[in-house]
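Peer 1: One structure follows; several queries about it will come next.
Protein chains in written order, with UniProt numbering: chain A, 1 to 697; chain B, 1 to 554.
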């Protein structure tokens, strides 16, 4: 064994040393003063009351660092509070989604044994599709379940763990023992054993372990079954089946394609050793939709706007995306809002008076929606209030908090309305189907209010018969249900239904069944005219009630489905920027590098020259070379490239141009292009290199 | 330019003046074309519109490149005597025919012409303004004017003198301006197909033989002298990135790992971040482990081992296991058993470096990243580093990506001179090339020298065979770029030859001789696809021949 201290060198501060060292533990170069660190930072550290706290607030003061410590803390606390609520919801959903499958799998594991399968290895086949993370979730829960009762455990094997049979066996045995005994337990398992020392891949070890701990069920899970070498699997099955009387194994395969394909890759003899059941996990997209709905509709404080929602769903439809990564994106949106928006402090539960501060008030007054609000106030003639808002910080803050609260209320109502529409769409037989996320995007952009979709819903609503109508009453969101008009409608409806004694439900006049198509022949032409059939008294009454309900709903949608961008101070509780999320989770490294090299002035603001579009020796050498490289064909003559490169310098520096210096720069540039993967060695011609990247592809 | 005209003016007719002008432009195309004094007013009247000043360089290039146009120009150029006998074509008529052809060309654009900017030329001719500084135009006019000269009273000697001059002048311009870049803004994919179109490589045969390549010493000497003109801008850019440190720290605290990408070395930046982290938590600094991906012979196991050391300090277990996965599992169990352990920050500079690039290594690193209490900050340099990770690895890494274009040179990361020489296919610079090899050979015994001579002879003869073969392949399919980068001789075969020539009597002895060469990096050996050991010499063909010559003569 190599001495560990040799490799894991404890850091030596010297810069040069660290450059040649592959891995090292960081030690500060000089613990004294930081080069380039600005003094305000130090002041902040000094101010921090709980600097030695184990979990200091990671937020930094905004507003040109003029934000108070209190406000920073408050923002952080608000973030933590809000997100922890959302996270709990997400966890609940994720646990809930696969609960059924988990139950099935665990009952399969506990009930089956080789005896019941006549000597075959019991195997559970799980198709996961693109929802790769769900399997890991399921396995870890299964493991918890099994190990908590002491029945056994789950050994998770990835294709990387199985390069050959020996290593695979070793990994299986080690993982099984470490799972319950820990790393030390694994070591001592070998040392404390009597008799000759066994090798790490000897299944005797596992057999003894099973006997010692009286383990009943050991699950061996192949996470990415398709990626395993079929040859190794064949050997492994053969080996395990002969040990089955001593090791109670159940195999579990995570399959991304289909069971048939998986089976097809294995030889028949090894398939014959297995016998099992097939389980299916849910698709990721349903889960994502559900999570989004919960996060948005049940949130009381903060919402994701239309653009952001768009980005979120584009991402999950463009790529395979696990629900977890969807949640992380949402989390990042929350993080960026509270980290970088000083107004987010206003979402805190109770706002202390000390928060009133010139900087914050200034920031509030600079918000565009505040200006719009002031302008509408002025139009309505409330000049005093506007003056108060502009001059009195305390009044401003109070008003702002009120406005934000009312804004949050209307957002809340809006999502209730959206949910109601969603339920109506599901309940009524309307051909147009829209997912909750689609509806939310439309609502967030304010397009839902007069959309044909809502009109359709309302039209269908009119034609409902009384039994269905009654059923829908319970769906109506509380903000509408609490209106006095609605109470009246309900009372009248109940009264009507009490008196109505027919077996048939009441139908309104708009119902197709109640309209009669009359045919008259006028001048040898058939005329169709719709007319209302003579309705019984009850139906007429019912029609009136439906009319009232219809009008109520119409006005309800009218008031709730607003444009969120029109709400005052929506900036505080609605995040609607594409920017951070897109770049952070879907980076475009190639574009960034190409841009930096072909247009260095985008990054380096040239104070001396404006050299846009032209080559200049002032540019970084790699970028000069890259621009020359772009002009070349698939094969680059390095001599000519060097000449062209040199010419750029020669032209500008004239006689003072040092050729060897230019050559050194050329070397550096070439080596960088090569390392970036743009040039490679070519044998076609002498001193030629092959181009391997085309810009913009 | 002007003096010439002045000389001619007193004796010549207006027509003759035009001829001198032609000669003038032929001599000095870049100067004379643009000057308006030479434009005859007659022509100016005929042109209703002046073409907007397009990029002259591109125009020149395209004009000279287009095969159809060149042939047309040639045809025009060669016709004069014939035309002279048939009729006396005036400038107007020649102009008109050129216009007709151009119009036709514009009508029947074929693809090749579009790429090469032929239609632009045609438009240019149609516009007929010789005011534009384009060479194509001037060239066209020249031709016309030469024709004109024929029927003027100009002495033929003058014309004869003019023609070769112009001929000599053209390639010069053409060489500078010839570019495989098509004119105009092609969409990226069209540009790709244009630059990859079939046919022999259209590059010149120049090579770097006459240029003295840099040695390590010279490179570093020059490098130390260099003053970066954009130093201020670069440091400003890096300051901007430094402002994100607190954001990164927050992202770490929320369980994200960070990946930085963009052009430029990010090592100084991560170093700064480590400093910053250290200072921020100055009371009890979190352990930071730094990995430099570009270090040769980096092993993934040593990364994990160092992290374990960072956690446990001195009481590391005596046995960590030889496999990286075992060390990783030890690390995970150690972290699990210490709930109060502070998070470990791991910086991996250049996670896409060749030594870390393998899929197995990335899978291990992803597992490391997914371990709780491990904060991973990785930097990536290459264009397509995202391709290393599939969906499950991406999920495990849980990266928040940030663009960090630093423009800092990769001085510490790469061995620049070595890289360039590798790219040029000139390995063995390290031994000192031919001189170095000869120096070593002088100090070796006779037997070893004989063996080296034998090796070189065999290699050269093999290379000749290969060369012919390669040529055939090249002719056959145009692009034959095999994975074999240099010719090699099979170990057994060389041993056979060596024993035939009584250089080595046993394999043992043969190996001893070869080891000496290996030690001085005079030979390289690799295992080819069929599992045979191939020996070769890291020298270019010329150098091999030189060494062989000296060996034989000595």
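Idealized CB from N, CA, C, for every residue including glycine.
No experiment lies behind these values; they were computed from the predicted model shown.
Establish whether the CB of residue 397 of chain B and some CB of chain A are separated by less than 8 Å.
Peer 2: Mapped onto the second chain, residue 397 of chain B falls at position 397. For residue 397 of chain B, the answer is no, since every Cβ of chain A falls outside 8 Å of its Cβ.
Peer 1: Taking Cβ-Cβ distances shorter than 9 Å, what residues in chain B pair up with residue 685 of chain A?
Peer 2: Numbered from 1 along the first chain, position 685 holds the residue referred to as residue 685 of chain A. Within chain B, the residues near residue 685 of chain A are 201, 203, 205 and 207.
Peer 1: Which runs of the alpha helix (DSSP H) at least 4 residues long sit entirely within the region 237 to 305 of chain A? Give them in chain order.
Peer 2: 259 to 265, 268 to 271 and 284 to 297
Peer 1: I believe residue 452 of chain B touches residue 597 of chain A by the beta-carbon criterion, under 8 Å. Please report the beta-carbon distance rounded to the nearest angstrom.
Peer 2: Counted from its first residue, the second chain places residue 452 of chain B at position 452. Counted from its first residue, the first chain places residue 597 of chain A at position 597. Separation of the CB atoms of residue 452 of chain B and residue 597 of chain A is rounded to 44 Å, and the pair is thereby denied contact status at 8 Å.
Peer 1: Under 7 Å Cβ to Cβ from residue 108 of chain A, same chain only, skipping five residues before and after it: list those, please.
Peer 2: Numbered from 1 along the first chain, position 108 holds the residue referred to as residue 108 of chain A. Once the five neighbours on either side are set aside, the close Cβ partners of residue 108 of chain A are 124 and 277.
Peer 1: Looking at the unbroken alpha helix (DSSP H) that takes in residue 706 of chain A, where does it start and where does it end?
Peer 2: Beyond the ends of chain A as shown, which are 1 and 697, falls residue 706 of chain A; an answer cannot be given.
Peer 1: To the nearest angstrom, how far is it from the Cα of residue 465 of chain B to the Cα of residue 651 of chain A?
Peer 2: Here residue 465 of chain B is taken as the residue at index 465 of the second chain, counted from 1. Here residue 651 of chain A is taken as the residue at index 651 of the first chain, counted from 1. Here the C-alpha atom of residue 465 of chain B lies approximately 45 Å from the C-alpha atom of residue 651 of chain A.
Peer 1: Could you compute how far the alpha carbon of residue 198 of chain A sits from the alpha carbon of residue 169 of chain A?
Peer 2: Within the first chain, residue 198 of chain A is the residue found at index 198, counting from 1. Within the first chain, residue 169 of chain A is the residue found at index 169, counting from 1. Rounded to the nearest angstrom, the gap between the Cα atoms of residue 198 of chain A and residue 169 of chain A is 13 Å.
Peer 1: According to DSSP, is residue 534 of chain B helix, strand or coil?
Peer 2: In the second chain, residue 534 of chain B corresponds to position 534, counting from 1. Three-state DSSP puts residue 534 of chain B in a strand.
Peer 1: For residue 133 of chain A and chain B, any beta-carbon pair shorter than 8 Å?
Peer 2: Locating residue 133 of chain A in the first chain gives position 133, where the first residue counts as 1. It does; some Cβ of chain B falls within 8 Å.
Peer 1: Just to make sure I have the definition right: I need the residues of chain B whose C-beta is within less than 8 Å of the C-beta of residue 675 of chain A. Which are they?
Peer 2: Counted from its first residue, the first chain places residue 675 of chain A at position 675. What residue 675 of chain A touches in chain B: 381, 382, 410, 413, 414 and 419.
Peer 1: If I follow the unbroken alpha helix (DSSP H) through residue 599 of chain A, where does it start and stop?
Peer 2: Against the first chain, residue 599 of chain A aligns to sequence position 599. Careful: residue 599 of chain A lies outside any alpha helix (DSSP H) and carries neither H nor E.
Peer 1: Here's a check: name, in chain order, each residue in its chain whose Cβ is nearer than 6 Å to the Cβ of residue 62 of chain A, leaving out the five neighbours to either side.
Peer 2: Within the first chain, numbered from 1, the residue matching residue 62 of chain A stands at position 62. Within the same chain, residue 62 of chain A has close Cβ partners 342.
Peer 1: Which residues, in order along the region 242 to 262 of chain B, keep a beta-carbon less than 9 Å from a beta-carbon of chain A?
Peer 2: 242, 246, 247, 249, 250, 251, 252, 253, 254, 255, 256, 259, 261 and 262
Peer 1: Please confirm if residue 56 of chain B has its CB atom under 8 Å from at least one CB of chain A.
Peer 2: Within the second chain, numbered from 1, the residue matching residue 56 of chain B stands at position 56. Bear in mind that the predicted position of residue 56 of chain B carries a pLDDT of just 43, short of 50, making it unreliable; the figure below should be weighed with that in mind. With 8 Å as the cut-off, residue 56 of chain B does not count as an interface residue toward chain A.
Peer 1: Is residue 662 of chain A buried or exposed, if buried means 16 or more other CB atoms sit within 10 Å of its CB?
Peer 2: Working through the first chain from its first residue, we reach residue 662 of chain A at position 662. When all chains shown are included, residue 662 of chain A counts as buried.
Peer 1: Going along chain B, which residues have a C-beta under 7 Å from residue 671 of chain A?
Peer 2: To locate residue 671 of chain A, count along the first chain from 1; it is residue 671. Within 7 Å Cβ-Cβ: 414, 416, 419 and 420.
Peer 1: Could you give the first and the last residue of the continuous alpha helix (DSSP H) run that contains residue 259 of chain B?
Peer 2: Residue 259 of chain B sits at position 259 when you count from the first residue of the second chain. No alpha helix (DSSP H) contains residue 259 of chain B, which is instead part of the beta strand (DSSP E) from 257 to 261.
Peer 1: Check whether chain A comes within 8 Å of residue 351 of chain B, counting only Cβ atoms and requiring the distance to be less than that.
Peer 2: In the second chain, counting from the first residue as 1, residue 351 of chain B sits at position 351. Judged by the 8 Å Cβ criterion, residue 351 of chain B is not in contact with chain A.
Peer 1: Among A:560, A:683 and A:660, which one has its Cα closest to the Cα of residue 224 of chain B?
Peer 2: Numbered from its first residue, the second chain carries residue 224 of chain B at position 224. It is A:660.
Peer 1: Go through its chain and collect everything with a Cβ distance to residue 110 of chain B's Cβ below 7 Å, but skip five positions before and after it.
Peer 2: On the second chain, residue 110 of chain B is found 110 positions in, with the first residue counted as 1. Confidence at residue 110 of chain B is low in this model, with a pLDDT of 47, below 50, so the placement of that residue should be treated as unreliable; the coordinate-derived value is given next. So no residue of the chain qualifies.
Peer 1: Against residue 223 of chain B, what residues of chain A qualify as contacts under a CB-to-CB distance less than 8 Å, listed in chain order?
Peer 2: If you number the second chain from 1, residue 223 of chain B lands on position 223. Under the 8 Å cutoff, chain A gives 664 and 668.
Peer 1: Counting C-beta neighbours from all protein chains within 10 Å, is the total for residue 474 of chain A 16 or more, i.e. buried, or is it exposed?
Peer 2: On the first chain, residue 474 of chain A is found 474 positions in, with the first residue counted as 1. In summary, residue 474 of chain A is exposed, with fewer than 16 beta-carbon neighbours lying within 10 Å of its beta-carbon over all protein chains present.
Peer 1: Given a cut-off of 8 Å on the beta-carbon distance, is the pair residue 569 of chain A and residue 358 of chain A in contact?
Peer 2: Residue numbering aside, residue 569 of chain A sits at position 569 when the first chain is read from its first letter. Residue numbering aside, residue 358 of chain A sits at position 358 when the first chain is read from its first letter. No, the Cβ-Cβ distance between residue 569 of chain A and residue 358 of chain A is not below 8 Å.
Peer 1: If you follow the alpha helix (DSSP H) that residue 307 of chain B is part of, which residue opens it and which one closes it?
Peer 2: Start at 1 with the first residue of the second chain, and residue 307 of chain B comes out as number 307. 300 to 312 is the extent of the alpha helix (DSSP H) around residue 307 of chain B.
Peer 1: Could you tell me if residue 137 of chain A is buried or exposed, where buried requires 16 or more neighbouring beta carbons within 10 angstroms of its beta carbon?
Peer 2: Counted from its first residue, the first chain places residue 137 of chain A at position 137. Result: buried.
Peer 1: Can you give me, in chain order, the residues of the region 576 to 594 of chain A that have a beta carbon less than 9 Å from any beta carbon in chain B?
Peer 2: 583, 584, 585, 586, 587, 588, 589, 590, 592, 593 and 594
Peer 1: The alpha helix (DSSP H) that contains residue 375 of chain B, what's its start and end?
Peer 2: For the purposes of this step, residue 375 of chain B is identified with residue 375 of the second chain, where counting begins at 1. Element bounds for residue 375 of chain B: not the alpha helix (DSSP H) but the beta strand (DSSP E), 374 to 379.
Peer 1: To the nearest angstrom, report how far apart residue 246 of chain A and residue 140 of chain A are at their CA atoms.
Peer 2: Taking the first chain and counting its residues from 1, one reaches residue 246 of chain A at position 246. Taking the first chain and counting its residues from 1, one reaches residue 140 of chain A at position 140. Cα-Cα distance, rounded: 25 Å.
Peer 1: Please report the distance separating the alpha-carbon of residue 561 of chain A from that of residue 302 of chain A.
Peer 2: Stepping through the first chain from its first residue, residue 561 of chain A is reached at position 561. Stepping through the first chain from its first residue, residue 302 of chain A is reached at position 302. Cα to Cα, residue 561 of chain A sits roughly 17 Å from residue 302 of chain A.
Peer 1: Checking 8 Å against the spacing of the C-beta atoms, do residue 83 of chain A and residue 292 of chain A come in under that value?
Peer 2: Locating residue 83 of chain A in the first chain gives position 83, counting from the first residue. Locating residue 292 of chain A in the first chain gives position 292, counting from the first residue. It is not a contact, given that the beta carbons lie outside the stated cut-off.
Peer 1: Cα-Cα, which of B:334, B:388 and B:212 is closest to residue 358 of chain B?
Peer 2: Here residue 358 of chain B refers to the residue found at position 358 of the second chain. Of B:334, B:388 and B:212, the residue nearest in Cα terms is B:388.
Peer 1: Starting from residue 566 of chain A, trace the alpha helix (DSSP H) in both directions and tell me its first and last residue.
Peer 2: For the purposes of this step, residue 566 of chain A is identified with residue 566 of the first chain, where counting begins at 1. Counting along the chain, residue 566 of chain A falls outside any alpha helix (DSSP H), and DSSP gives it neither H nor E.
Peer 1: Determine which residues of the region 287 to 316 of chain B have a Cβ less than 7 Å from any Cβ of chain A, and write them out in chain order.
Peer 2: 287, 288, 289, 290, 291, 292, 295, 298, 302, 303, 305, 306, 309, 310 and 316
Peer 1: Check distances from the C-beta atoms of the region 621 to 640 of chain A to those of chain B and list, in chain order, the residues that come in under 8 Å.
Peer 2: 622, 630, 631, 632, 633, 634, 635, 636, 637, 638, 639 and 640
Peer 1: Let me confirm a value: residue 686 of chain A is counted as buried when at least 16 other C-beta atoms fall within 10 Å, else exposed. Which label applies?
Peer 2: As a position in the first chain, residue 686 of chain A is number 686, starting the count at 1. Buried.
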